[in-house]
Amino acid sequence: MLLTPTLGVIDSGVPTGTALARFHSSRDGPEDRLGHGRTIFATLGHYLPLTRLEIALYKLFEERLTANAASLAAAFEWQAEAPPAWLLCSLGLPRADERLQVAVERLQAAGTRIVAASPRFGAPVYPAAWPGVLAVSGAAGLPPGPPRQGHDGRWYACVWGARETAWQPWMMGPAPPGTPPPLGGASFAAAHALGYWLTESAGETAVAGVTAGNAGQSR
Numbered sequence: 022m023l024l025t026p027t028l029g030v031i032d033s034g035v036p037t038g039t040a041l042a043r044f045h046s047s048r049d050g051p052e053d054r055l056g057h058g059r060t061i062f063a064t065l066g067h068y069l070p071l072t073r074l075e076i077a078l079y080k081l082f083e084e085r086l087t088a089n090a091a092s093l094a095a096a097f098e099w100q101a102e103a104p105p106a107w108l109l110c111s112l113g114l115p116r117a118d119e120r121l122q123v124a125v126e127r128l129q130a131a132g133t134r135i136v137a138a139s140p141r142f143g144a145p146v147y148p149a150a151w152p153g154v155l156a157v158s159g160a161a162g163l164p165p166g167p168p169r170q171g172h173d174g175r176w177y178a179c180v181w182g183a184r185e186t187a188w189q190p191w192m193m194g195p196a197p198p199g200t201p202p203p204l205g206g207a208s209f210a211a212a213h214a215l216g217y218w219l220t221e222s223a224g225e226t227a228v229a230g231v232t233a234g235n236a237g238q239s240r
């Protein structure tokens, strides 16, 4: 019997029609108007159908892709009310915040595996820099598939977000005319890594026929 992974997501929304187990927004419904959340979910969907997940969405980004420490901490506190097996955080704070750290530790104590975006260069960001968090950075040369752990303890994965078009940046050859520009960054690398790990926790086979191995361990 395949397991149904529970997944918490903190982002700008979901594709229209996505079934949610839990949802929070300070303004409107779960649909994404900014495009970031849709691309995150398209990237996860590159690995397994979203219908295989029980999703708890905290819609943090309403008008733009920015958030302060208080709003991010509130998102983690909401997720901690019903701790998911996995939590994806596609952003980070430039400075440690005590309230956020308490919420992170509460989730970790409940067994939640937190996957957080970590820029490849520059100063540490939080929650990715805290112990036990699966910090993921993007590497432009990596295709979709299993993430790789570096000597710095971080995980590295494909940097390009999946889109609903036929062409992706990791494919050979130029993009067809009219193809929208690709979206990339650490947040999409985190989604690639999580998508691969979710296939393992669901007992399925990962993307592109790669055999699933052991799930990523915290650093």
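For the numbering used here, count along the sequence shown from 1 and bump the result up by 21. We treat Cβ as the ideally placed atom computed from N, Cα and C, and that holds for glycine. Only a predicted model underlies this, so the values are computations on that prediction, with no experimental measurement involved.
Round the Cβ separation of residue i and residue j to the nearest angstrom and send it over; I've been treating them as touching at under 8 Å.
| i | j | result |
| --- | --- | --- |
| LEU128 | ALA101 | 5 Å |
| ASP32 | HIS67 | Between HIS67 and ASP32 the Cβ distance is about 16 Å, and since that is not below 8 Å, they are no contact. |
| PRO51 | CYS110 | The pair is not a contact, with the Cβ atoms about 17 Å apart (cut-off 8 Å). |
| ALA94 | ARG134 | No, ALA94 and ARG134 are not in contact; Cβ-Cβ is about 19 Å, not under 8 Å. |
Just the Cα atoms here: how many angstroms apart are residue i and residue j?
| i | j | result |
| --- | --- | --- |
| GLY132 | ALA106 | 7 Å |
| LEU69 | GLY34 | 19 Å |
| GLY113 | TRP191 | 26 Å |
| GLY38 | GLY29 | 17 Å |
| LEU108 | ALA124 | 12 Å |
| PRO115 | ALA150 | 10 Å |
| TRP99 | SER46 | 11 Å |
Candidates the options: which alpha carbon is nearest residue i's?
| i | options | result |
| --- | --- | --- |
| ARG169 | ALA95, ALA210 and ALA63 | ALA210 |
| VAL146 | ASP118, LEU65, THR200 and TRP191 | ASP118 |
| ALA40 | ALA77, ALA63, ILE61 and ILE31 | ALA77 |
| HIS172 | ALA196, MET193 and ARG141 | ARG141 |
| THR200 | ILE61, TRP188 and SER139 | TRP188 |
| LEU155 | PRO165, GLY166 and GLY174 | GLY174 |
| LEU204 | PRO152, ARG184 and LEU121 | ARG184 |
| ARG48 | GLU83, PHE62 and LEU65 | GLU83 |
Quick check on residue i: buried or exposed, where buried means 16 or more other Cβ atoms within 10 Å of its Cβ?
| i | result |
| --- | --- |
| GLY248 | There is simply no residue 248 to check, as the chain begins at 22 and stops at 240 in what is shown. |
| PRO26 | buried |
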